[in-house]
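When we follow the numbering used here, the leftmost residue of the sequence shown carries the number 11, and every step to the right adds one.
Just so it is clear, CB atoms sit at the ideal spot from N, CA and C, and this is done for glycine as well.
Remarks on the structure that follows.
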Amino acid sequence: MAVTKCRWRRGVSLVSVLIVGLTWMLSANQVARGSEFRFVVEDLPDHSAAWLPSEVVIHTDTDLRDGLIFLLVNPTVRTHVFMVEGLYEQVAGEQGDVINKPLRVTVAPEDSVRTLVSPAPWEGSRERGGVEEFRFFCPLHRGDIDTGGTIRMVHHGGTIRTVQ
Numbered sequence: 011m012a013v014t015k016c017r018w019r020r021g022v023s024l025v026s027v028l029i030v031g032l033t034w035m036l037s038a039n040q041v042a043r044g045s046e047f048r049f050v051v052e053d054l055p056d057h058s059a060a061w062l063p064s065e066v067v068i069h070t071d072t073d074l075r076d077g078l079i080f081l082l083v084n085p086t087v088r089t090h091v092f093m094v095e096g097l098y099e100q101v102a103g104e105q106g107d108v109i110n111k112p113l114r115v116t117v118a119p120e121d122s123v124r125t126l127v128s129p130a131p132w133e134g135s136r137e138r139g140g141v142e143e144f145r146f147f148c149p150l151h152r153g154d155i156d157t158g159g160t161i162r163m164v165h166h167g168g169t170i171r172t173v174q
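Spelled out as structure tokens, the structure:
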């Protein structure tokens, strides 16, 4: 009888480990949907602000297959805005429909925001190897000589590169 209980407990433990492992794999797969790019704002000595990295290269054929997500992180004590000229974010409308609006996201102090970027600007046929540039910046805290950052959309296969 003692041998049977020991085997039963060992079997239950093994099944529990398998269930936990399978659950973790499935949840990790769900989180991994879409390419996520992380931007972190930094306060500068002249009271302006900069979102980093200052340059991001996105390859539309490989990085946008399952959607594009921007993770915006604000570790500072001031509210900042992440604005990209020419890109749009997808938001839910009143009836549950999806609305594209200009990408301008407010991030509270010591907070993070994930936003889903609309694929509308790069849908359709693009010239192979063509590059589009989109500027991003914080419109609340721009310096006199602030050039902001650049997102480059490359319309052919490749991998993600970031340059700081």
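Residue i - containing alpha helix (DSSP H), residue span
i, result
"Thr-70", "70-73"
Given residue i as reference, the closest of the options once Cα atoms are compared
i, options, result
"Thr-86", "Met-163, Ser-64, Gly-159 and His-151", "His-151"
"Pro-112", "Glu-104, Asp-121, Val-164 and Arg-145", "Arg-145"
"Met-93", "Leu-74, Pro-129, Val-164 and Phe-49", "Phe-49"
"Glu-99", "His-90, Gly-77, Asp-71 and Asn-84", "Gly-77"
"Val-91", "Ala-130, Pro-119, His-165 and Pro-129", "Pro-119"
"Arg-75", "Gly-140, Cys-148 and Pro-129", "Pro-129"
"Asn-84", "Arg-114, Ser-45, Trp-61 and Pro-149", "Trp-61"
"Gly-175", "Asn-110, Gln-105, Gly-103 and Glu-104", "The requested residue 175 is not part of the displayed model; the chain covers only 11 to 174."
"Arg-114", "Val-141, Gly-106, Cys-148 and Gln-105", "Cys-148"
Counted within 10 angstroms of its Cβ, other Cβ atoms place residue i as buried (16 or more) or exposed
i, result
"Gly-159", "buried"
"Val-51", "buried"
"Ala-59", "buried"
"His-57", "exposed"
"Val-108", "exposed"
"Val-101", "exposed"
"Val-117", "buried"
"Ser-122", "exposed"
"Leu-81", "exposed"
"Asp-73", "buried"
"Val-66", "buried"
"Leu-54", "exposed"
"Val-141", "exposed"
Limits of the unbroken beta strand (DSSP E) element including residue i
i, result
"Pro-112", "108-117"
"Arg-145", "141-147"
"Thr-89", "Premise fails: Thr-89 is in no beta strand (DSSP E) and is neither H nor E."
"Asp-53", "45-53"
"Gly-159", "159-164"
"Arg-152", "Where Arg-152 is concerned, there is no enclosing beta strand (DSSP E), given that its DSSP letter is neither H nor E."
"Ser-188", "In the structure displayed, the chain extends from 11 to 174; residue 188 sits before or after that span and is not available."
Assumed close pair residue i, residue j - CB separation to whole angstroms, cut-off 8 Å
i, j, result
"Glu-143", "Arg-124", "Not really, about 23 Å apart at Cβ, beyond 8 Å."
"Leu-126", "Ile-79", "6 Å"
"His-165", "Thr-70", "5 Å"
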